[in-house]
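Structure first, commentary second.
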Amino acid sequence: MKTIIKTLLLTSAMLAIQNAQAADQQQGHQMGGHGSESACPLSSDQIAVQALSEAEFNTLAFMREEEKMARDVYNALYEMWGTRNFSNIAASEQSHMDKTKVFLDAYQITDPASPEVGVFNNDALQSFYDQLTARGAESELEAMKVGAMIEEVDIGDLQNAIAETDNEELAKMYTQLMLASHNHLRAFTSHIINSEGSYQAQVMPADEVAAILDSPRAEMNSGNAIELKTDGEVIESTACFISNLSVEETVLQNGESLSAEQAFSVEFKVTPSIFDQTQTVDWIAVAIYIPENSDQRLLFMRQDDSWQIWNGQIEQLASAGQSLLSDQDYQFSVFDGALPNVSGQLAFYSAYRLPNGNLIFTQFPTIVNLS
61 MKTIIKTLLL
71 TSAMLAIQNA
81 QAADQQQGHQ
91 MGGHGSESAC
101 PLSSDQIAVQ
111 ALSEAEFNTL
121 AFMREEEKMA
131 RDVYNALYEM
141 WGTRNFSNIA
151 ASEQSHMDKT
161 KVFLDAYQIT
171 DPASPEVGVF
181 NNDALQSFYD
191 QLTARGAESE
201 LEAMKVGAMI
211 EEVDIGDLQN
221 AIAETDNEEL
231 AKMYTQLMLA
241 SHNHLRAFTS
251 HIINSEGSYQ
261 AQVMPADEVA
271 AILDSPRAEM
281 NSGNAIELKT
291 DGEVIESTAC
301 FISNLSVEET
311 VLQNGESLSA
321 EQAFSVEFKV
331 TPSIFDQTQT
341 VDWIAVAIYI
351 PENSDQRLLF
361 MRQDDSWQIW
371 NGQIEQLASA
381 GQSLLSDQDY
391 QFSVFDGALP
401 NVSGQLAFYS
411 AYRLPNGNLI
421 FTQFPTIVNL
431 S
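Here the sequence shown is numbered in this note's numbering, starting from 61 and rising by one per residue.
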């Protein structure tokens with residue numbers, strides 16, 4: 061069975077979200093895109109666990125250790141030269157390590173990253189670290205070239221990782237890391253260009269590096285949501301949706317398998333965008349159900365406290381309640397109960413609708429498998 065996320069593309073709402081994600085990745089390759097250091101505190105239980113290939117498992121583990129290699133080299137170069145560029149980007153690489161660790165934990169993959177600085181389980185990364193720290197000790201300019209080389213290697217590896225996977229959450233995370241690496245490459249090469257007048261690509265094709273350097277610096281986006289406008293335009297939102305699937309107040313992994321007789325709850329903690337505050341919004345809840353051993357997709361929406369069949373038309377989405385938005389977090393309970401005699405896969409989405417009709421959607425659903 062194809063992943064639930066892909067089946068959601070049958071609805072116009074999810075098509076819009078998918079188009080936004082595709083445009084975001086295309087922008088990342090061509091223009092440098094938006095920033096990626098999200099302030100949304102994603103935890104491993106919120107990842108919708110799906111089947112991964114052995115290659116995807118291996119790549120995820122490798123990217124965790126490669127981000128550590130970058131962090132450790134930059135910290136070593138900062139100790140040598142005291143240039144704040146290295147310490148700032150090392151902190152960013154720690155953030156990237158944290159992002160990959162969330163996915164490692166969700167998929168129960170042993171963390172390959174050693175707690176010891178400069179020590180790596182991957183022999184190639186160990187050799188790379190040793191060579192680059194030695195090269196970076198030659199001069200501050202050479203250290204900047206080391207930083208640029210690391211970012212070129214990282215971008216290439218992330219491009220391959222994105223091409224390798226059809227897991228949209230994983231691809232989104234890799235894309236965020238890649239866009240941040242675009243910024244890091246610009247930061248290092250600006251020092252080199254100021255000193256030597258130009259920068260020569262070291263690993264990537266020269267035209268790809270030139271395209272990145274010629275594009276504007278990426279602006280960081282602190283949210284994880286999508287805004288679907290009434291005219292069909294799709295943009296990223298700084299709103300933050302944090303999902304929670306639980307049974308008897310015990311938090312479960314997103315994508316957990318449950319007995320149909322078990323009562324469970326799905327809720328989202330929502331931090332609205334600053335641009336949406338002081339407005340009264342409708343809360344929206346959508347569920348997509350795929351019965352077991354079937355390709356049929358049934359769409360549901362919540363109207364007040366009851367669930368109704370939904371025809372997929374955005375303008376006909378019912379309201380599950382209203383709130384006046386402020387700078388506070390909102391706990392939106394989407395579902396609470398049991399579904400006896402139901403077997404199959406359920407995906408729950410949350411959104412809020414502004415008075416002008418624009419919808420702010422969570423990008424990825426909370427998934428429950430019932431049997």
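Where a beta carbon is used, it is the ideal one built from N, C-alpha and C, also for glycine. If you're wondering where the values come from, they're calculated on a predicted model, not measured in any experiment.
By the CB criterion at 8 angstroms, Val177 and Glu212 fall outside the cutoff.
Judged by DSSP in its simplified three-state form, Gln154 adopts helix. For Lys205, there is no enclosing beta strand (DSSP E); the residue is found in the alpha helix (DSSP H) stretching over Glu200 to Glu224. The Cβ atoms of Ala108 and Ile427 sit closer than 8 angstroms to each other. Along the stretch 338 to 392, the alpha helix (DSSP H) does not occur as any fully enclosed run of 4 or more residues.
For a cut-off of 8 angstroms, the C-beta gap from Asn314 to Asp105 is around 6 angstroms, short enough to register as a contact. Selection Gln339, Ile169, Leu288 and Glu153 evaluated against Ser386 yields Gln339 as nearest (Cα-Cα). In summary, Gln382 is exposed, with fewer than 16 beta-carbon neighbours lying within 10 Å of its beta-carbon over all protein chains present. The DSSP-derived three-state label of Ile169 is coil.
Going by C-alpha positions, Leu164 is about 16 angstroms away from Ile222. If only uninterrupted beta strand (DSSP E) runs of at least 3 residues are considered, those enclosed by the stretch 277 to 338 are 285 to 288, 294 to 297, 300 to 307 and 324 to 331. Gln363 and Ser379 have their C-alpha atoms roughly 5 angstroms apart. Bounds of the alpha helix (DSSP H) holding Gln186 are Asp183 to Gly196. Counting the other Cβ atoms within 10 Å of the Cβ of Phe335 gives fewer than 16, which makes it exposed. By the Cβ neighbour-count rule, Asp183 is exposed, with fewer than 16 other Cβ atoms within 10 Å of its own.
Secondary structure of Leu102 (DSSP, three-state): coil.
Sequence-distant partners of Trp343 (beyond 5 residues in either direction) whose C-beta falls short of 6 angstroms from its own C-beta, in its chain, are Ala380, Gly381, Phe392 and Tyr412. Counting C-beta atoms within 10 angstroms of its own C-beta, Ala320 has fewer than 16 neighbours from the protein chains shown and is therefore classed as exposed. If you draw a straight line from the Cα of Ser317 to the Cα of Gly372, it is about 26 angstroms long. Beta-bridge annotation (DSSP): Thr422 is paired with Ala285. Listed in chain order, the non-local C-beta contacts of Pro425 below 6 angstroms within the same chain comprise Ala407, Phe408 and Tyr409, local neighbours out to five positions each way being set aside.
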